[in-house]
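Numbering (UniProt numbering), first residue to last: 1 to 301. Worksheet: one structure, shown below.
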């Protein structure tokens, strides 16, 4: 008998993209699957949409956050493999089947992930060395290919790390770090997830700035197991992210300038792009926009 896959979709006031997420889950080539929608609005906002589909629906009585949604989903899920799906992401039809093959064929691998295709057409694929023991890579904080919706995880691995670490934002980062401590990762070198990123979401909120600082502190013991450059790279990645978030919320920010300065001071691999970003930040978000366009033009030649 084929192993059951549980696809857990957490949603919060985004009914329009939710429909596409549900459809992509139900249209998977792989069977059997069950789809579980966790409504975190606190007022059953998604119920009219969910009723149209053959899925399980669980509504929180109040807004509890994404990680609580994952935990609720795990309590009702019956699958051997678990897929967390953000409500604004879409799974390609072969996503689950390709990753189940990996988990079946590699008993010591508990997580299979894949590349991502952004709404603007940009494709982010994992580097070749990002398989096996990936704890060091995950501690760099900014390992973007392995985002929440790209992961297919063995249920037994999630049970081992539960309750899942809960931060206000960037919740996929500690999830990956916790999993990397107990199992190996492998990937399908294709963009099997279509991802839409909207500013103003948790991932780009001011709360995400504090969350990443907490992660650096909370995993201090793990960083001690690696060369100092690993922690320095993490600080640089966090600093760059924080600077971009500040400029997303304000056309000019001294905090953003300070963050980009910290990035080039701490990053052991500082390059002209990082230095250029710091200099551009002095002119605020317009400066960053221009510098990014120049970089894209240069790299596309």
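Here a beta-carbon is modelled for each residue, glycine too, at the ideal position from N, C-alpha and C.
Task: Distance between beta carbons of residue 191 and residue 116, contact taken as under 8 Å - done: Taking the first residue of the chain shown as position 1, residue 116 is located at position 116. Taking the first residue of the chain shown as position 1, residue 191 is located at position 191. At roughly 6 Å, the Cβ-Cβ gap stays under 8 Å, so residue 116 and residue 191 are in contact.
Open item on the list: Applying the 10 Å Cβ sphere with the 16-neighbour rule, what's the burial state of residue 303?
Closed with: The structure shown does not extend to residue 303, since the chain is modelled only from 1 through 301, so no value can be given for it.
- [ ] With distances taken Cα to Cα, identify the nearest neighbour of residue 233 among 114, 137, 18 and 47.
- [x] Taking the first residue of the chain shown as 1, we reach residue 233 at position 233. The candidate whose alpha carbon is nearest that of residue 233 is 137.
Task: For residue 57, the nearest candidate out of 110, 37, 70 and 48 (CA to CA) - done: One-based indexing of the chain shown puts residue 57 at position 57. The residue with the shortest Cα to Cα distance from residue 57 is 37.
Task: Helix, strand or coil at residue 192 according to DSSP, with G and I counted as helix - done: In the chain shown, residue 192 corresponds to position 192, counting from 1. Residue 192: strand per DSSP, three-state reduction.
TODO: Give the single residue among 30, 16 and 22 whose Cα lies nearest to the Cα of residue 5.
DONE: Position 5 of the chain shown, counting from 1, holds the residue named residue 5. When C-alpha distances from residue 5 are compared across 30, 16 and 22, the shortest belongs to 30.
Open item on the list: Quick check: what's the CA-CA separation for residue 44 versus residue 10?
Closed with: As a first step, residue 44 is located in the chain shown; it is residue number 44 there, counting from the start. As a first step, residue 10 is located in the chain shown; it is residue number 10 there, counting from the start. So the two alpha carbons sit approximately 13 Å from each other.
Task: residue 230, enclosing alpha helix (DSSP H) - first and last residue - done: Residue mapping note: residue 230 aligns to position 230 of the chain shown, counting from 1. It spans 228–249 - the alpha helix (DSSP H) in which residue 230 sits, taken as one unbroken run.
TODO: Can you say whether residue 1 is buried or exposed, counting buried as having 16 or more other CB atoms within 10 angstroms of its CB?
DONE: Stepping through the chain shown from its first residue, residue 1 is reached at position 1. By the neighbour-count rule (16 or more Cβ atoms within 10 Å), residue 1 is not buried but exposed.
Open item on the list: For residue 8, tell me which candidate among 245, 148 and 262 has the shortest Cα-Cα distance.
Closed with: Residue 8 sits at position 8 when you count from the first residue of the chain shown. Comparing Cα-Cα distances from residue 8 to each of 245, 148 and 262, the minimum goes to 148.
Open item on the list: My output table needs one value for residue 170: the three-state DSSP class, helix, strand or coil.
Closed with: By one-based count along the chain shown, residue 170 stands at place 170. Correct three-state label for residue 170: coil.
Open item on the list: In this structure, how does DSSP classify residue 71 when only helix, strand and coil are distinguished?
Closed with: Within the chain shown, numbered from 1, the residue matching residue 71 stands at position 71. Three-state result, residue 71: helix.
Task: In chain order, each beta strand (DSSP E) run of at least 3 residues that lies wholly inside the segment 110–175 - done: The segment 110–175 contains these whole beta strand (DSSP E) runs: 152–154.
- [ ] Consult DSSP for residue 82 and reduce its assignment to one of helix, strand or coil.
- [x] Your numbering for residue 82 matches position 82 in the chain shown. Strand, per DSSP.
Task: Cβ distance (whole Å) where residue 96 is taken to contact residue 28 below 8 Å - done: As a first step, residue 96 is located in the chain shown; it is residue number 96 there, counting from the start. As a first step, residue 28 is located in the chain shown; it is residue number 28 there, counting from the start. So it is a contact: roughly 5 Å between Cβ atoms.
Open item on the list: Given a cut-off of 8 Å on the beta-carbon distance, is the pair residue 223 and residue 139 in contact?
Closed with: As a working note, residue 223 is residue 223 in the chain shown. As a working note, residue 139 is residue 139 in the chain shown. Against a cut-off of 8 Å, the Cβ pair of residue 139 and residue 223 comes out as a contact.
Open item on the list: For the segment 202–222 against the segment 99–114, do three or more pairs of beta-carbon atoms, one drawn from each stretch, fall closer than 8 Å, so that the two count as touching?
Closed with: no
Task: Where residue 182 falls: helix, strand or coil (DSSP) - done: Counted from its first residue, the chain shown places residue 182 at position 182. Looking at residue 182 - three-state DSSP - the assignment turns out to be coil, as it is neither helix nor strand.
- [ ] If I'm right that residue 15 touches residue 49 with Cβ under 8 Å, what's the distance once you round it to whole angstroms?
- [x] Taking the chain shown and counting its residues from 1, one reaches residue 15 at position 15. Taking the chain shown and counting its residues from 1, one reaches residue 49 at position 49. Correct: roughly 5 Å between the Cβ atoms.
Task: DSSP three-state assignment for residue 31, whether helix, strand or coil - done: Within the chain shown, the letter at position 31 stands for residue 31. The answer is coil: DSSP assigns residue 31 none of H, G, I, E or B.
TODO: Whole angstroms is fine: what's the gap from residue 59's alpha carbon to residue 41's?
DONE: Translated into the one-based positions of the chain shown, residue 59 becomes position 59. Translated into the one-based positions of the chain shown, residue 41 becomes position 41. Spanning the two alpha carbons is a distance of roughly 8 Å.
Task: Of the residues 275, 231, 163 and 218, the one placed nearest residue 70, counting alpha carbons only - done: Taking the first residue of the chain shown as 1, we reach residue 70 at position 70. Minimum Cα distance to residue 70 is reached at 163.
Task: Residue(s) in a DSSP beta bridge with residue 91 - done: To locate residue 91, count along the chain shown from 1; it is residue 91. According to DSSP, residue 91 bridges with 193.
Task: Secondary structure of residue 253, DSSP reduced to three states - done: The residue labelled residue 253 in the question sits at position 253 within the chain shown. If DSSP states are grouped into helix, strand and coil, residue 253 belongs with coil.
- [ ] Classify residue 6 as helix, strand or coil using the three-state DSSP reduction.
- [x] Against the chain shown, residue 6 aligns to sequence position 6. Strand at residue 6.
Open item on the list: What does the Cβ neighbour count give for residue 281, buried or exposed, with the cut at 16 atoms within 10 Å?
Closed with: As a position in the chain shown, residue 281 is number 281, starting the count at 1. The residue in question, residue 281, is buried, as its Cβ has 16 or more Cβ neighbours within 10 Å.
Open item on the list: Nearest by alpha-carbon distance to residue 193: which of 229, 150 and 88 is it?
Closed with: Against the chain shown, residue 193 aligns to sequence position 193. When only C-alpha atoms are compared, the closest one is 150.
Open item on the list: Count Cβ pairs between the segment 237–246 and the segment 254–274 that sit closer than 8 Å; are there 3 or more?
Closed with: yes
Open item on the list: Please list the terminal residues of the continuous alpha helix (DSSP H) segment that includes residue 49.
Closed with: The residue you call residue 49 lines up with position 49 of the chain shown. Note, residue 49: alpha helix (DSSP H), 47–50.
Open item on the list: Using a 10 Å radius around the Cβ and a threshold of 16 neighbouring Cβ atoms, would you call residue 183 buried or exposed?
Closed with: Position 183 of the chain shown, counting from 1, holds the residue named residue 183. Its Cβ being crowded by 16 or more others within 10 Å, residue 183 is buried.
TODO: Mind checking which residues open and close the alpha helix (DSSP H) that includes residue 275?
DONE: Indexing the chain shown from 1 puts residue 275 at position 275. 272–281 is the extent of the alpha helix (DSSP H) around residue 275.
- [ ] Have a look at 252, 177 and 253 and flag the residue whose alpha-carbon is nearest the alpha-carbon of residue 221.
- [x] To locate residue 221, count along the chain shown from 1; it is residue 221. For the residues 252, 177 and 253, the minimum Cα distance to residue 221 belongs to 177.
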